[in-house]
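Residue numbers (UniProt numbering): 1 to 637. We put the CB at the ideal spot given by N, CA and C, even for glycine. So the structure is just underneath, and the comments pick up after that.
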Amino acid sequence: MSNRPADGPRAPSLGITSPISVTEPTDSDMQASRELEECLRAFGLFESDQEMEHRMNVLSKVNHIVQTWIKDMSAKKMPKQNAELMSGKIFTFGSYRLGVHTKGADIDTLLVAPRHIERSDFFDTFEKLLSAIPDCEYVRAVEEAFVPVIKTKIEGIELDILFARLALKNIPPDQDLRDGALLKNLDEKSVRSLNGSRVTDDILLLVPNHESFRLALRAVKLWAKKRGIYSNALGYLGGVSWAMLVARTCQLYPRASAATLLQKFFLVFRQWPWPKPVLLRHNSEDNPNLGFPVWDPRINPADRYHLMPIITPSYPQQNSTFNVSSSTKSIMTNEFSRASDCIDEVMSGKSCARCLCPPSSSLSSAGKTPWTTLFETVHFFTKYRHFIVLLATSNAEWIGLVESKIRILVQNLERHRCISLAHVNPKCYTRAVIVPVAQPPPEDPLLPDTNTSADGESKGEEATAEPKTTIEATTETTTEVETMWFIGLEFNKAEGINVDLTQDIKNFVETVTNTAKFSKFFKPEMTIDTKHVKRKELEKYLPPEVFKSTKSSKTSKANSSDDNAVTKAPASTTTPADGTPEEGNKEVMPADSTNGGPVVENVCSSDKCVERSVLTKSLSFQNNCQKRALEEESDNS
């Protein structure tokens, strides 16, 4: 049972240590916080009151559907008068529950049902009810995921809906999920589904100042996204991990203003002695010991190899950052140091020499370094001379799988003695490739097709001896969408480096393909291409505005020796229909009216690269864009 007193919630804790400082904020601290909020609002992070009300209306509509569904399902298993008394409950968690969501962000939602409602019902009848909503744009069930989810979009609001059933006869309106005893006799999928809501509630419980916490967390999330270190799947930190780091800072400085919290956040974690874990409370607190595995390096040998452990406060405690690699850890710690130096200049009112920022801005007091300097976008493509480009085609499920496995490729690349850093860019890009497809020419219906076998496969040109009467062949086009990820490579300083990455890439392709086959959703059109490219070749893959910025920026000094490196990697490693990786040369050429090659459009994707749309434009527009780009490049040179 829970150790909480029965007469009310537990008093807020300040964590596993005493606070570093309980000093009240000064007038200048409060002014800095107001300037910080003004800066964040300029980035468009806050929703209007109307948008907030719209979200609540959508949640209310979903809740109404939930109550109707629970009663209908209950009526099949009990008398109708009893079924009318049954109910479920909708919980929100993640950024929306924390109060730090941005415009257009989805809502993480948990549907909690009583014990007689099955998970199979959720992915059957409830999914159908969602699909029947007039303003529902789509419903997609991901039943085989580690945390099963239904993704939907209702009235322009995206929701990720998880499901958990408690071992209770009914779910009252005031049901609380923080009591660990509720996990008793639950299946693992329900425990994992409940974990998000329980962790979010505990974070809020363990933070002493919610207002300062929220503003500081908004700033940290924006900073992490701008600096390219916001992605749990790719080995950086995700939303819950950043929230726990900010929460720990709040525990150490419980009375600090938001601006001071942000400054202390970077100071604390630039000096943090990793792999010492970040804990919001001791794991023994409120631990019901129900037999679920918890993070404990004293018992679990695998936990000893985690590089940046940040432990969730709710039972069963887990490390939210087990994906972190040595490269991503190095990148993040460098960013902590850069940000700490930069914010010190902002808070002190001096010029930010390290960040090379302008000394004045409308978002700061006269003569002070503006807050916007902290949120400058990282110039990823100017940092490295060599890149591995991953290209994947097919549906969102396949794209999501490929992205989730990229960290494995990064870890394999790190094992090469000559590679000091493998930096994956969390921002992916898509391009629509319009490929001409030659159609078989119409044939005289009176003549037999002697060039095709019974199973529909071609016998080759030499298989037929008689010419056939044909009509002129026709040509059509089809559009394929490729999603691209870029991994920058930094080599140790040495002359004549020869690095063979062929086996690493082959193993990566096999891992992704085998996972898709095991999950039984692999299809022949699901492909992966991998290419080694130099920075000057990025124009084949990047949107013109991105490539232009890479040409105008200077290269990082750390890569001055990279020109001496010789990287051996397959020009293209493709997964064909049978799923067996083989080497090929799938080159995508820019649009050209004379060479007859495919037309390529580069489109920068949104932060969530799993969800994307195909952008198709006319051939003439594409050619005009490329002509203008060539003219600009000629003028610049």
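Item	Value
Taking all protein chains shown into account, do 16 or more other C-beta atoms lie within 10 angstroms of the C-beta of Pro114, making it buried, or fewer, making it exposed?	buried
Identify the residues that DSSP records as bridge partners of His54: which are they?	Answer is none; His54 lacks a bridge partner.
Quick one: give me the first and last residue of the alpha helix (DSSP H) that Ser212 is part of.	His210 to Lys226
Return the CA-CA distance between Gly88 and Leu290, expressed in angstroms with no decimal places.	25 Å
Please identify the residue among Phe387, Pro297, Thr382 and Ser348 whose C-alpha is closest to the C-alpha of Thr369.	Ser348
What is the DSSP secondary structure of Asp49, reduced to helix, strand or coil?	helix
Can you tell me whether Ile203 is helix, strand or coil according to DSSP?	helix
Let's test the definition: count the other Cβ atoms within 10 Å of the Cβ of His386 and tell me whether it reaches 16, buried, or not, exposed.	buried
Taking only three categories from DSSP, how would you classify Glu35?	helix
So, using beta-carbon positions, are residue 659 and Ile150 closer together than 8 Å?	Past the edges of the chain, shown from 1 to 637, lies residue 659, and the structure says nothing about it.
Quick one: what's Lys531 bridged to in DSSP?	Val389
Hey, out of Asn232, Tyr315, Ser326 and Phe122, whose CA is closest to Thr68's CA?	Phe122
What does DSSP give as the partner residues of Leu159 in its beta bridges?	Ile107 and Thr152
Over what stretch of residues does the beta strand (DSSP E) that includes Ala422 continue unbroken?	Ile419 to Val424
Consider the Cβ of Ser48: report whether some Cβ of chain B lies at a distance smaller than 8 Å.	Checking the listed chains, one finds no chain B in this structure; it contains a single protein chain.
State yes or no: is the C-beta of Ala167 within less than 8 Å of the C-beta of Lys189?	no
Count Cβ pairs between the region 245-256 and the region 329-346 that sit closer than 8 Å; are there 3 or more?	no
Mind listing, in chain order, the continuous alpha helix (DSSP H) runs of no fewer than 4 residues lying wholly within the region 88-143?	94-98 and 127-131
Should Lys517 be labelled buried (16 or more other beta-carbon atoms within 10 Å of its own) or exposed?	exposed
So for Leu261, helix, strand or coil by DSSP?	helix
Give a yes or no on whether the C-beta atoms belonging to Cys226 and Thr328 are separated by under 8 Å.	Note that residue 226 is Lys in the sequence shown, not Cys. No. Outside cutoff.
Is it buried or exposed, Phe146, if we count other Cβ atoms within 10 angstroms and call 16 or more buried?	exposed
What's the call for Glu462, buried or exposed, on a 16-neighbour Cβ count within 10 Å?	Residue placement at Glu462 is flagged as unreliable, the pLDDT there being 41, under the threshold of 50; a coordinate-derived value is accordingly withheld.
The alpha helix (DSSP H) that contains Leu252, what's its start and end?	Gly239 to Leu252
Taking the beta carbon of Ser314 as the centre, do at least 16 other beta carbons fall within 10 Å, making it buried, or is it exposed?	buried
Roughly how many angstroms lie between the CA atoms of Pro524 and Ser212, to the nearest whole one?	51 Å
List the endpoints of the continuous alpha helix (DSSP H) containing Ser348.	Ser326 to Ser348
Determine the DSSP secondary structure at Leu401, reduced to helix, strand or coil.	helix
Answer yes or no: do Thr109 and Leu159 have a C-beta to C-beta separation smaller than 8 Å?	yes
Measuring alpha carbon to alpha carbon, tell me which of Met30, Phe91, Glu144 and Leu40 ends up nearest Ser519.	Glu144
Let me check understanding here. Comparing Cα to Cα, which of Glu403, Leu413, Cys342 and Trp242 lies closest to Ser326?	Leu413
For Ile419, which of Ala75, Asp500, Leu237 and Phe43 has the nearest alpha-carbon?	Asp500
According to DSSP, Phe491 sits in a beta bridge with which residue or residues?	Ile419
From the DSSP output, in three-state form, read off Val62 for me.	helix
Please confirm if the region 81-98 is in contact with the region 192-200, defined as three or more CB-CB distances below 8 Å between the two stretches.	yes
Tell me the residue span of the alpha helix (DSSP H) that contains Val512.	Thr502 to Phe518
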